[in-house]
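Please read the structure below before turning to the comments.
Chains as they are written, first to last, in my numbering: chain A, 201 to 546; chain B, 201 to 546.
Structure representation (C-alpha cells):
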C-alpha cells in the first residue's frame, strides 16, 4: 500500500475545452503529474487512491460551458470529476482513517485530494463487488430506486416501458418492476443488449430501437393496450412516440434524456397534447433530493443481491487511459451494462 | 313559449367538411330546416330550445377527421355540438319537465332533440346570469376549479403564471390564485385583455405575449425568482419558455394547447430536460373525470359570485348566424373574455 507522505505519479484525465455536439476521446487528454500523498496540515481533507471510476451520462452536461441546476461545468485544463470508489491514503478528517473504503465524487486521476470529504460514504459491506458502489449500490442504483418506488407510483399488473433499459439504471428499474409483478418491456440499441434484457434481467420483452423505422408502431406492438409507466432515460423521439401510447392516468418518469445531451439542436416533443387527452403525469426527479434514504435503499438492495433476486451487469474498461473512450462510449451506446473504469486493483 | 307538437323553423350550424389548419367561417354553414317540437313516442328523449351556446377551443379538435381520447369528431353535414343552456320544450324523461332550464351538450341549432338527456344538468339557481352555466358555472369554471384546486397543488405565496389568462378558464384560475394569496401574472394577446387582467381580475401583473420578441426574457422580468405554478392553456412556444423559468419542484398543469390545435405541424417542446433539473411535475387533466364534484363546485362558486369576490367577463355574439365567426374568433384570440352565442332570449 502507498505510504502516507510519499510523492507518487498521478495520471489524470483532463478536459481540453468545453464540448459542443458529441464528445470524442480527443476532447479529453491523459496527462501525467505527481502528487504528495499528504493532506495539508490542519485541513479536514482526505487523500484517496481511486480504484473504480463511474461513467455516467450526466457527465456530458458538465462539458458544456453553461451550467444548469445542480450541475457545475467542468474546468478545462483540470481533471474531470465523477463518482468513484476509493481508499483513504491520508486523512485530516475524524470520520475517515487510512485504509477506509469510500464512494462519492472524486477526480478522474490515480490519486485525489478531496477538500470536503463529508459527502463521501464509507463502504462497510465488502461481500459484494466494490465496483457496485458506483453502480447498483451507488448513484445509479439509488436513482432507479427513487425513480421507480417514489415517482412511478407503480402497482402490480402495470405495463412498464423502459428506455436505455440495459444501462446502469434501466436494468435495475426493470428488475424492480418485475419484482412488483408488472409487465416490463425495454428498448436498447443492439441485439446483444436486447438478449441481455430478456435472458438476464427477466424483461417480458425487449426490442432494438435502431431497427424500428416507426417507434409508434413498435410500441403499439408491445403495448396493444397502452403503457401505464414510462421510465424515460433518453427523451427526444422515443418520448414523443411514447406520448401517443400512454394509458389514461399513465405516468412518465423523467430520469434522463441522453438523446439530447450531445445534440446542439434539440428534438422537439410534439405530442404533449396527448398528456391532456390521457391525463398523464410527467415528472422529473433528482436523486440528490433523496440521499437521506440511502441506508434504507442499501439494505433493500443488498438483501436482494445476496438472494440472487437482482443481478447487475457491468462493462469494465481497464486503466485510466481507457477512461475517455469509455466515457465517449456511453454517450453513443457502445457499452453493454453499467460502464466503469478500473483504475487500480487493491 | 313554443307549443309542444308545433312544427317550427330550425336554423343549424353545420360543419361542411373536416378542417385542416385554422378554421374559417366558410368551414361552417348556417342551414335552415324545420323541426317538430315533440319527442318520439315512448322514448326518453327531450326536445330543447337552445338559449346560449358556448364557444370552446376543444371544439376545434372535433373538426379533425381523427378522433382522440374523449373527443369524437363532428360529422360533416350535421350540426356541430357543444355546451349550451336550454329550456325543455318536450320531455319523455321523468327527470325533466316542460319549462325546465338545463345545461349540457346540445346542438348548434335553435332546437335540439337530445336522445340521452341523463347528462344534462338542471339549472336551479336563477339569481345569476343563465349564460354563466356554460361559463363560470359550467365546464370552463369546473375546469378552472379542478385544475387549480386539485392539480396545481398551490399554496399561499406561490408564484403563478397563466396563459390565455383572460379567456373562459384563465380569468377564473387567476382569481382563485389571488384568493389563495399567490402572486399571479397572466399573458394575453392584446392591450385590452392585459388591462382587463390587471383592473378587473386583480392579477398582480400581465403582459401581451405578441409584443414580446423573447418569451424567456419576458418571463424572467415578471418572475425573477422563477415560477411555482404554470397553468397552461396554450402549449407550444410559451410552454417551452416556461420550462426555462420553473422553480425547483414547480408544477405545470396542462389544461389546453390552443396554439397547437389548428397548426398542421406542431411546435416541438425542446426544454423538457429542465423538468429533470428542476424536478418539475407536468400533469394533464380532464374535467370530465371530476363531475361528481360539480355540486360542491357550484356552491363554492355561487357563494363567491354572490359576494362579488369572483367576477366573470363574457363576450356575447348575438344570433346563431354569428356563431361560426365567434367560434373562429376564439381560435385566433379575437374574443375578450368567455365567448358565447346568444341564440334566443327567453
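Glycine included, every Cβ here is placed at the ideal spot set by N, Cα and C.
Spatial neighbours of residue 396(B) within its chain, please: CB distance less than 6 Å, with the 5 preceding and 5 following residues excluded, ordered by chain position. Cβ contact annotation for residue 396(B) (same chain, cutoff 6 Å, sequence separation greater than five): 366, in chain order.
Which residues share a DSSP beta bridge with residue 483(A)? Looking at the DSSP assignment, residue 483(A) forms a beta bridge with 453(A) and 481(B).
Taking residue 422(A) as part of the alpha helix (DSSP H), name the residues at either end of that continuous run. DSSP places residue 422(A) inside the alpha helix (DSSP H), whose first and last residues are 415-422.
Please tell me whether residue 472(A) has its Cβ less than 7 Å away from any Cβ of chain B. At a cut-off of 7 Å between beta-carbon atoms, residue 472(A) makes contact with chain B.
Measuring CB atoms only, is the segment 433-448 of chain A touching the segment 467-481 of chain A, in the sense that at least three cross pairs come out at less than 8 Å? With a cut-off of 8 Å, the segment 467-481 of chain A and the segment 433-448 of chain A count as touching, because enough Cβ pairs lie within range.
Find the nearest neighbour of residue 428(A) within the set 392(A), 482(A), 401(A) and 417(A), judged by alpha-carbon distance. Closest option to residue 428(A), Cα to Cα, is 482(A).
Identify the continuous beta strand (DSSP E) that holds residue 537(B) and give its terminal residues. Here residue 537(B) belongs to no beta strand (DSSP E), and DSSP marks it neither H nor E.
Where residue 517(B) falls, given that 16 or more other Cβ within 10 Å makes a residue buried: If you draw a 10 Å sphere on the C-beta of residue 517(B), you find 16 or more other C-beta atoms in it, and that means buried.
Using the Cα positions of residue 501(A) and residue 401(A), report the straight-line distance between them to the nearest angstrom. Their backbone Cα atoms lie some 15 Å apart in a straight line.
Indicate whether at least one CB of chain B lies closer than 7 Å to the CB of residue 222(A). Answer no: the Cβ-Cβ gap between residue 222(A) and chain B never drops below 7 Å.
Identify every residue that forms a DSSP beta bridge with residue 249(A). Residue 249(A) is bridged to 287(A) and 311(A).
So which residues of chain A does residue 493(B) contact, with C-beta pairs closer than 8 Å? Per Cβ cutoff of 8 Å: no residues; residue 493(B) is ~15 Å from chain A at best.
Identify the contact partners of residue 489(A) in chain B, using a Cβ-Cβ distance below 7 Å as the criterion. The answer, in chain order, is 479.
Mind checking if residue 454(B) is an interface residue toward chain A, Cβ cutoff 7 Å exclusive? Using beta-carbon distances, residue 454(B) counts as an interface residue toward chain A, with a partner under 7 Å.
At least one CB of chain B closer than 7 Å to the CB of residue 206(A): is that the case? Not one chain B Cβ lies under 7 Å of residue 206(A).
So who's on the other strand from residue 282(B), going by DSSP bridges? Paired residues: 306(B).
CB contact flag (residue 497(B), residue 345(B), <7 Å): Yes.
Please state if the CB of residue 540(A) and the CB of residue 331(A) are separated by a distance shorter than 7 Å. It is a contact, given that the beta carbons lie within the stated cut-off.
Between the segment 298-308 of chain B and the segment 317-335 of chain B, do three or more beta carbon pairs fall short of 8 Å? Of all C-beta pairs linking the segment 298-308 of chain B to the segment 317-335 of chain B, three or more are shorter than 8 Å, placing the two stretches in contact.
Check this for me: beta carbons of residue 484(B) and residue 241(A), under 7 Å apart or not? In this structure, residue 241(A) does not lie closer than 7 Å to residue 484(B) by Cβ.
Output, in chain order, the set of chain A residues within a Cβ distance shorter than 7 Å of residue 268(B). What residue 268(B) touches in chain A: 477.
From which residue to which residue does the beta strand (DSSP E) around residue 370(B) run? Where residue 370(B) is concerned, there is no enclosing beta strand (DSSP E), although the alpha helix (DSSP H) it sits in stretches over 370-379.
Quick one: what's got a C-beta closer than 6 Å to residue 405(B)'s C-beta in the same chain, skipping five residues either side? Cβ neighbours of residue 405(B) beyond the five flanking positions: 385 and 422.
With which residues is residue 447(A) paired in a DSSP beta bridge? Answer is none; residue 447(A) lacks a bridge partner.
Report back the beta-carbon spacing between residue 248(B) and residue 334(B) to the nearest angstrom; my notes put them in contact at under 8 Å. Contact flag wrong, Cβ pair sits at about 13 Å.
Sort out for me which residues DSSP pairs residue 432(A) with in a bridge. Partner(s): 454(A).
Bridge partners of residue 460(B), per DSSP? None; residue 460(B) has no bridge partner.
Relative to the C-alpha of residue 494(A), which candidate in 444(A), 343(A) and 523(A) has its C-alpha closest? Closest by alpha carbon: 343(A).
Any C-beta of chain A within less than 8 Å: which residues of the segment 413-431 of chain B qualify? If the cut-off is 8 Å between Cβ atoms, the segment 413-431 of chain B has nothing near chain A.
Quick check on this structure: which residue in 254(B), 349(B) and 447(B) has the alpha carbon closest to the alpha carbon of residue 490(B)? If we check each option's Cα against that of residue 490(B), 349(B) comes out closest.
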